[in-house]
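In the working numbering, the protein residues as written are -16 to 159.
Laid out in structure tokens, this is it:
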């Protein structure tokens, strides 16, 4: 099974996806970690501008698609956590699952309370070394296409991380 947990930054994606994946013994892929690792590659003499451009245009997602495909091919359950902002990225994840013959589940975490969402965005700490978190303005202005198909939506507004994890686990209809 491939579970892709998407949504704007500061909605609780990382905490929820990582926790549910751990409980299930599933593999966990995080785009922030992959992209930050690629960005650090410039320390080895890579062209920083070219690499940053490649990361900005989806290199991290491409690495994650390939890794998820390999893990699914080994029969493992995979949780991929990313903003997943466009139809093209959503379609690509679906294609990964289809090629592997795996069940595909899309989840979008939202925070419907803009005041709470801004508070989360401005008060969270970095847990990926070297990562610069987006500002609230970055989040508000981010390109984020509406979903055009059925998917699970979990609203994290007013909920604890524990409540969000429970709701996600229930929505996935899995033991955890």
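Where a beta carbon is used, it is the ideal one built from N, C-alpha and C, also for glycine.
Bear in mind the structure is a predicted one, so any value in this text is a computation, not a measurement.
query: For residue 133, which of 55, 19, 93, 89 has the nearest alpha-carbon?; result: 89
query: Let me check one thing: in DSSP terms, what residues is residue 93 bridge-paired to?; result: 138
query: Is residue 114 buried or exposed, if buried means 16 or more other CB atoms sit within 10 Å of its CB?; result: exposed
query: So, at 7 Å on beta carbons, what are the nonlocal neighbours of residue 122 in its own chain, with the 5 sequence-adjacent residues on each side left out?; result: -9, -8, -7, 104
query: Tell me which same chain residues have a C-beta within less than 6 Å of the C-beta of residue 79, skipping the five on either side of it?; result: 48, 51, 52
query: Pick out the complete alpha helix (DSSP H) segments inside the region 107 to 151, 4 residues or longer, and give them in chain order.; result: 119 to 124
query: Helix, strand or coil: how does DSSP classify residue -9 here?; result: coil
query: With the cut-off set at 8 Å, would you say residue 116 and residue 107 are in Cβ contact?; result: yes
query: Would you kindly check if the distance between the Cβ of residue 77 and the Cβ of residue 12 is under 8 Å?; result: no
query: Quick check on the DSSP output: what are the complete beta strand (DSSP E) runs of length 3 or more inside the region 35 to 64, in order along the chain?; result: 61 to 64
query: Identify, in the order they occur along the chain, each residue of the same chain with its Cβ nearer than 7 Å to the Cβ of residue 157, setting aside the five sequence neighbours on each side.; result: 7
query: Provide the residue span of the beta strand (DSSP E) that contains residue 13, from first to last.; result: 10 to 13
query: Could you round the C-beta distance between residue 61 and residue -15 to whole angstroms and report it? I think they count as a contact, below 8 Å.; result: 5 Å
query: In the DSSP output, what is residue -15 paired with across the bridge?; result: 61, 87
query: Kindly indicate which residue of 98, 19, 111 has the alpha-carbon position closest to the one of residue 239.; result: No answer is possible for residue 239: the residues shown for the chain start at -16 and end at 159.
query: Label residue -12 either buried or exposed according to how many other C-beta atoms from any shown protein chain fall within 10 Å of its C-beta, with 16 as the threshold for buried.; result: buried
query: Under 8 Å by Cβ, that's how I've got residue 151 and residue 137 pegged, so tell me the actual separation to the nearest angstrom.; result: 5 Å
query: Which residues bound the alpha helix (DSSP H) around residue 3?; result: -4 to 7
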